[in-house]
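Participant:
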Amino acid sequence: MPLAGLLVAVGIMGGIVYFYWRNPHVFHELRTYGYVGAFLISVILNATIILPVSNMAIIMALGATLPSPVIVGAAGGAGAVIGEMTGYVVGRSGRGLLVRSNVYLQVEGWVRRWGWIAVLVFSIFPFVFDVVGIIAGALRMPLWRFLVACWIGRTISYVVMAYLASLGLRAVPWFG
Numbered sequence: 022m023p024l025a026g027l028l029v030a031v032g033i034m035g036g037i038v039y040f041y042w043r044n045p046h047v048f049h050e051l052r053t054y055g056y057v058g059a060f061l062i063s064v065i066l067n068a069t070i071i072l073p074v075s076n077m078a079i080i081m082a083l084g085a086t087l088p089s090p091v092i093v094g095a096a097g098g099a100g101a102v103i104g105e106m107t108g109y110v111v112g113r114s115g116r117g118l119l120v121r122s123n124v125y126l127q128v129e130g131w132v133r134r135w136g137w138i139a140v141l142v143f144s145i146f147p148f149v150f151d152v153v154g155i156i157a158g159a160l161r162m163p164l165w166r167f168l169v170a171c172w173i174g175r176t177i178s179y180v181v182m183a184y185l186a187s188l189g190l191r192a193v194p195w196f197g
């Protein structure tokens, strides 16, 4: 059964990567969908653990152009939680398949010691979270704790990015 879950997660990620590779215009068109676009692009790009892809630029673009950067961040955070479940499932399913590098062991120690707080803190930073999701799954962290901590951290991150972008866009006229 664990191998089946791992194969499903790898299949989903592979499908997303292939779809993006064949249809990059679809991801750019998601911007026209506003808050729903923030949610969808966050689901898709947070589900990829094979390729480190960030939705930071799109969240910032939406935050700068839509009326509420807070709603952009909240929608992006909700989508990110769904996407980040792929890493959790990989860890939960393939515990024996994980490569235990020094970085992995250090992060694993933090997640063991701090639990959901480590997940929350790491989820704020866009490029380092995939390994944390895998570790949380491998350590059998309750899914609801992982999801809540991830949602809080990603929402904080995305609201800050969207808000800063909206401030930046409003400041452009000041510079001529």
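Numbering-wise (the working numbering), the sequence shown opens with residue 22 and increments by one. In this text, a Cβ means the ideal position worked out from N, Cα and C, and glycines have one as well.
1. Does the structure place the region 179-190 close enough to the region 82-91 that three or more beta carbon pairs sit under 8 Å?
2. My output table needs one value for Ser114: the three-state DSSP class, helix, strand or coil.
3. Decide if the region 104-112 is in contact with the region 122-134; the criterion is three or more beta carbon pairs, one per stretch, under 8 Å apart.
4. Whole angstroms are fine: how far does the CA of Val149 sit from the CA of Ile65?
5. Hey, quick one: how far does the alpha helix (DSSP H) through Leu61 stretch, first residue to last?
6. In the structure shown, what three-state DSSP assignment does Gly136 receive?
7. To the nearest angstrom, report how far apart Phe146 and Thr86 are at their CA atoms.
8. Rounding to the nearest angstrom, what Cα-Cα distance links Gly98 and Ile173 in this structure?
9. Distance check for Ile62 and Phe151, CA to CA, integer angstroms please.
10. To the nearest angstrom, how far is the alpha carbon of Gly130 from that of Ser122?
11. Work out the CA separation of Gly84 and Ala59 for me, nearest whole Å.
12. Here's a check: name, in chain order, each residue in its chain whose Cβ is nearer than 6 Å to the Cβ of Val180, leaving out the five neighbours to either side.
13. Let's see if you can read the secondary structure: which residues bound the alpha helix (DSSP H) around Met77?
14. Alpha carbons only, please: which of Ile80, Ala68, Arg43, Gly112 is nearest the one belonging to Ile177?
15. Pick from Leu188, Arg43, Gly100, Gly189: whose alpha carbon is nearest that of Val169?
16. With distance defined between alpha-carbon atoms, name the residue in Ala159, Ala82, Phe167 nearest to Val142.
17. Could you tell me the boundaries of the alpha helix (DSSP H) in which Val149 lies?
18. Quick check on Ile70: does DSSP put it in helix, strand or coil?
Facilitator: Result, derived from the coordinates:
1. Counting C-beta pairs closer than 8 Å gives three or more between the region 82-91 and the region 179-190, which meets the contact rule.
2. For Ser114, the secondary structure class from DSSP, reduced to helix, strand or coil, is helix.
3. Segment contact: the region 104-112 against the region 122-134, fewer than three CB-CB distances shorter than 8 Å; contact not assigned.
4. 17 Å
5. 55-67
6. For Gly136, the three-state secondary structure derived from DSSP is coil.
7. Distance between the alpha carbons of Phe146 and Thr86: 23 Å.
8. 7 Å
9. In the sequence as displayed, the identity of residue 151 is Asp instead of Phe. C-alpha separation (whole angstroms): 17 Å.
10. 12 Å
11. 9 Å
12. Val91, Gly94
13. Counting along the chain, the alpha helix (DSSP H) containing Met77 begins and ends at 77-86.
14. Ile80
15. Gly100
16. Phe167
17. No alpha helix (DSSP H) holds Val149; DSSP gives it neither H nor E.
18. coil
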